[in-house]
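S.K.: Below you'll find the structure I mean.
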Amino acid sequence: MGRSAVAVVSVIGPQAEAYTRVCFEPATSASWNPGQIRYGTWRADKASQSDEAEGESVVLTPLAENHFEIHGHGGAAAVNRIIQSLVDLGATKIDSAKFTHVSASFRDQEFEPLIAEAESVLTQCTTRRNAATALGQTRGSLLRWTCDWIDRIHTEIAGDELEKGSNNSSSVLLAELRASASDVLLRASTGMHLTAPYRVVLAGPPNVGKSSLVNRIVGYGRSITHDAAGTTRDVVDCDTVIDGLAIRLGDTAGIRAGGDVIEQEGIRRGSLAIANADLVVMVLDPNSLADADSIQTTITSHNPDASILRVLNKADRLLETAEETHSESKWLRTIAHDAEALQNGIEALMKAISSTLRPLEFDHSSAMPIVPRHVHWLSQIVGSANLRQSLERLTALRSGAEIGQ
C-alpha cells in the first residue's frame, strides 16, 4: 500500500479466494473472472453479521487464480479493518517488499530485489516529482547497470585473469567500473530523499523573522510570532512541498548568549537540528548584519558540510548605506513581516531552497541508489581492489545482500 486516496490490499495464496469470499459481498451475482472488477461491500466475516452491519465499499479485482486486489478508501482505519478481517481468518500480513518476493514465487517468476526495492520506494513517495523518479527505477535502471557490468566482466576477462587481476585489461576495466559506480553515487542524495524529506533549518539571531518566513513558506501560521526576542523556545517542524520536493522546515530558537534556562535549552535543540540539516537558511535583518560572520561560524561549527543560504529579512528596512555595502553579497532579500508586500522575496527564497537541495535533475532512466543498501554496495565497488572483488560486490548488490553480509 502507498499514500493515496485509494488503498490497494493484495491477497495471494491457496486460501486467498476462500478468505475473500467470506468477507466480500458483491453487488451482483456475476462470476469472478481475472481482470474483471467487481463492486461490493467488505464486511468482517459477513456470514456472522446482519445485513445492517456497517461495511466498507470496495472494488475487488481478481488477477489470477488465488490472487486478488481489494481497492478501498485510503484512510488508515478503513485499510486496517480490511487487513484485520483477513488476519482473523488466518492470513499473514507482510510488507510490500516481501509481498513482491512472495507473489513472484507464487507465480513461478524470478524475484529481482532491485525492482522490489524500487516498487517499495514508489509506494512511499509523497510528491509527483519524487514518484516520477522512483517509477523510472521500477523499470530496472539500476538492475540493468548492475547486470551489464557483471556480464561485461565475465565476457571480457577470462576466469584465471579474473583471479589474478593483474593484466592491463583488468586494470582498465576496473578503473572504468569505479568511475561508473562513482557517477551513479552522484545521484544518491536524490535517491535517498525520494521518501525522506529534506531537512531545512532556519537559523539566526532572535527576532529577525525566522518564524514569519516559515509561515510565509508553508502558507499558514505554523510558528508563533511576536516582537519580543526569544519567542521560539524549541525546534518547530512542519512538512511542506517546494517545487515537487518534500521538505521538513525547522524553525529554531535565536542564536545568542544569555537568556533563561528554557531559552538556552531551545538554542541547544536548535544546534542539534542544524547538525542534522541538509540545508541551513541563515536569516538576519539589517540590525544584525554585523553579526553575519559570527553566526555563520556558529552554524558551520555544528555542521561543517552544511549548505548555507544567506537571507536578509526585513529588507525594506535596509538603510541606503547598508544597501551599498551589501549590494554585491550573496544575500536573498525577503520581507516576511508584511503580508501586503508584493515583492517579498518568498518565491525567490523557495526557488533557491529547491535548486540548492537538488541542483541537477537526472534522467529517470539513469541508474540511481534509492535505499542505503544500494549506497553501501556501490561505495564498496568504488573501493574494490580488483575485478574479482568488484564482481562479488556487484553480485551482492543485485542479490539483495544486506549491509555487513
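Quick note: the sequence shown uses the numbering used here, first residue 593, plus one each step. For glycine and all other residues, C-beta sits at the position ideal for the given N, C-alpha and C.
Classify S893 as buried or exposed, calling it buried when 16 or more other Cβ atoms lie within 10 Å of its own Cβ.
M.R.: Here residue 893 refers to the residue found at position 301 when the sequence shown is read from its first residue. Exposed: under 16 other Cβ atoms inside 10 Å.
S.K.: I'd like to know whether the C-beta atoms of R791 and V827 end up nearer to each other than 8 Å.
M.R.: The residue given as residue 791 occupies position 199 in the sequence shown. The residue given as residue 827 occupies position 235 in the sequence shown. In this structure, V827 does not lie closer than 8 Å to R791 by Cβ.
S.K.: Quick one: Cα of A710 to Cα of K802, how far?
M.R.: Counting from 1 along the sequence shown, the entry for residue 710 is found at position 118. Counting from 1 along the sequence shown, the entry for residue 802 is found at position 210. Distance between the alpha carbons of A710 and K802 is about 37 Å.
S.K.: Where DSSP assigns a beta bridge to P654, which residues make up the other side?
M.R.: Here residue 654 refers to the residue found at position 62 of the sequence shown. In the DSSP output, where bridge partners are listed per residue, P654 has F660.
S.K.: Pull up the distance between the alpha-carbon of T823 and that of G846, whole angstroms please.
M.R.: Counted from its first residue, the sequence shown places residue 823 at position 231. Counted from its first residue, the sequence shown places residue 846 at position 254. Low per-residue confidence applies at T823: pLDDT is 47, beneath 50, and the placement is therefore not dependable enough to give any value.
S.K.: Taking M942 and T782 to be in contact with their CB atoms under 8 Å, please state how far apart those CB atoms are, rounded to whole angstroms.
M.R.: Numbered from 1 along the sequence shown, position 350 holds the residue referred to as residue 942. Numbered from 1 along the sequence shown, position 190 holds the residue referred to as residue 782. That pair is no contact at about 19 Å.
S.K.: What would DSSP say about T633, mapped onto helix, strand or coil?
M.R.: Start at 1 with the first residue of the sequence shown, and residue 633 comes out as number 41. Note: T633 maps to strand in three-state DSSP.
S.K.: Pull up the DSSP beta-bridge partners for F616, would you.
M.R.: Translated into positions along the sequence shown, residue 616 becomes position 24. The partner list for F616 (beta bridge, DSSP) reads W634.
S.K.: CB-CB under 7 Å to N760, same chain, minus the five flanking residues each way: which ones, in chain order?
M.R.: For the purposes of this step, residue 760 is taken as residue 168 along the sequence shown, with counting starting at 1. Cβ-Cβ distances below 7 Å link N760 to nothing in the same chain once the five nearest sequence neighbours on each side are left out.
S.K.: Can you tell me which of the three DSSP states V963 falls into?
M.R.: Residue 963 sits at position 371 when you count from the first residue of the sequence shown. Of the three classes helix, strand and coil, the one that applies to V963 here is coil, per DSSP.
S.K.: Pop quiz: T612 and V603 are said to be a contact at Cβ under 8 Å. What is the actual Cβ separation, rounded to whole angstroms?
M.R.: Reading the sequence shown from its first residue, position 20 is the one you call residue 612. Reading the sequence shown from its first residue, position 11 is the one you call residue 603. Confirmed, Cβ separation roughly 6 Å.
S.K.: I need the straight-line Cα distance from E953 to D897, nearest angstrom please.
M.R.: Residue 953 sits at position 361 when you count from the first residue of the sequence shown. Residue 897 sits at position 305 when you count from the first residue of the sequence shown. About 22 Å.
S.K.: Report the option in G996, S991, I995 and L986 whose CA atom is closest to the CA atom of H746.
M.R.: In the sequence shown, the residue the question calls residue 746 occupies position 154. The shortest C-alpha separation from H746 is found at L986.
S.K.: Compute the Euclidean distance between the alpha carbons of L777 and L805, then round it to the nearest angstrom.
M.R.: Within the sequence shown, numbered from 1, the residue matching residue 777 stands at position 185. Within the sequence shown, numbered from 1, the residue matching residue 805 stands at position 213. Using only the alpha carbons, I get a separation of about 34 Å.
S.K.: Contact between the segment 711-730 and the segment 834-841 is defined here as three or more beta-carbon pairs at a separation below 8 Å; is this criterion met?
M.R.: yes
S.K.: Tell me the DSSP secondary structure of C830 in three-state form.
M.R.: Stepping through the sequence shown from its first residue, residue 830 is reached at position 238. Looking at C830 - three-state DSSP - the assignment turns out to be strand.
S.K.: For H693, which of helix, strand or coil comes out of DSSP?
M.R.: One-based indexing of the sequence shown puts residue 693 at position 101. In this structure, H693 counts as helix in the three-state DSSP scheme.
S.K.: Whole angstroms is fine: what's the gap from D831's alpha carbon to E646's?
M.R.: The residue labelled residue 831 in the question sits at position 239 within the sequence shown. The residue labelled residue 646 in the question sits at position 54 within the sequence shown. Between D831 and E646, the C-alpha separation is close to 35 Å.
S.K.: Could you give the first and the last residue of the continuous beta strand (DSSP E) run that contains D843?
M.R.: Here residue 843 corresponds to residue number 251 of the sequence shown, with the count starting at 1. Where D843 is concerned, the enclosing beta strand (DSSP E) starts and stops at L837 to D843.
S.K.: Spell out the partners DSSP gives S899 in its beta bridges.
M.R.: Locating residue 899 in the sequence shown gives position 307, counting from the first residue. Beta-bridge pairing links S899 to L871.
S.K.: Taking D740 as the reference, give the member of G728, V764, A773 and T715 with the closest Cα.
M.R.: Within the sequence shown, residue 740 is the residue found at index 148, counting from 1. If we check each option's Cα against that of D740, A773 comes out closest.
S.K.: Grouping DSSP H, G and I as helix and E and B as strand, with all else coil, what is T823?
M.R.: As a first step, residue 823 is located in the sequence shown; it is residue number 231 there, counting from the start. Any reading at T823 needs caution, since the residue's pLDDT is 47, under 50, leaving its predicted position unreliable; the model's value is listed next. Residue state, collapsed to three classes: coil.
S.K.: Here's the rule: buried if 16 or more other CB atoms are within 10 angstroms of the residue's CB, otherwise exposed. What is T729?
M.R.: For the purposes of this step, residue 729 is taken as residue 137 along the sequence shown, with counting starting at 1. As written in the sequence, residue 729 is Gln, which differs from the Thr given in the question. Label assigned to Q729: buried.
S.K.: Going by C-alpha distance, which of N807, L734, L841 and G975 is nearest H966?
M.R.: Here residue 966 refers to the residue found at position 374 of the sequence shown. Of the candidates N807, L734, L841 and G975, the one whose C-alpha sits nearest the C-alpha of H966 is L734.
S.K.: Which residue from A597, R630, L766 and A619 puts its Cα closest to that of H665?
M.R.: Counted from its first residue, the sequence shown places residue 665 at position 73. Selected option, being the one with the closest Cα: A597.
S.K.: Is the beta carbon of L989 closer than 8 Å to that of L766?
M.R.: Within the sequence shown, the letter at position 174 stands for residue 766. Within the sequence shown, the letter at position 397 stands for residue 989. Their beta carbons are not under 8 Å apart, which means L766 does not touch L989 by this criterion.
S.K.: Excluding the 5 residues flanking E609 on each side, which residues of the same chain have their C-beta closer than 6 Å to its C-beta?
M.R.: The residue given as residue 609 occupies position 17 in the sequence shown. If we look at E609 and ignore the five residues flanking it on each side, its Cβ neighbours are N658.
S.K.: So who's on the other strand from S602, going by DSSP bridges?
M.R.: One-based indexing of the sequence shown puts residue 602 at position 10. S602 is bridged to E661.
S.K.: Give the straight-line distance between the Cα atoms of A882 and W969, rounded to the nearest whole angstrom.
M.R.: Here residue 882 refers to the residue found at position 290 of the sequence shown. Here residue 969 refers to the residue found at position 377 of the sequence shown. If you take the alpha carbons of A882 and W969, they lie about 47 Å apart.
S.K.: Please classify A795 as buried or exposed, where buried requires at least 16 neighbouring CB atoms within 10 angstroms.
M.R.: Residue mapping note: residue 795 aligns to position 203 of the sequence shown, counting from 1. Buried: at least 16 other Cβ atoms inside 10 Å.
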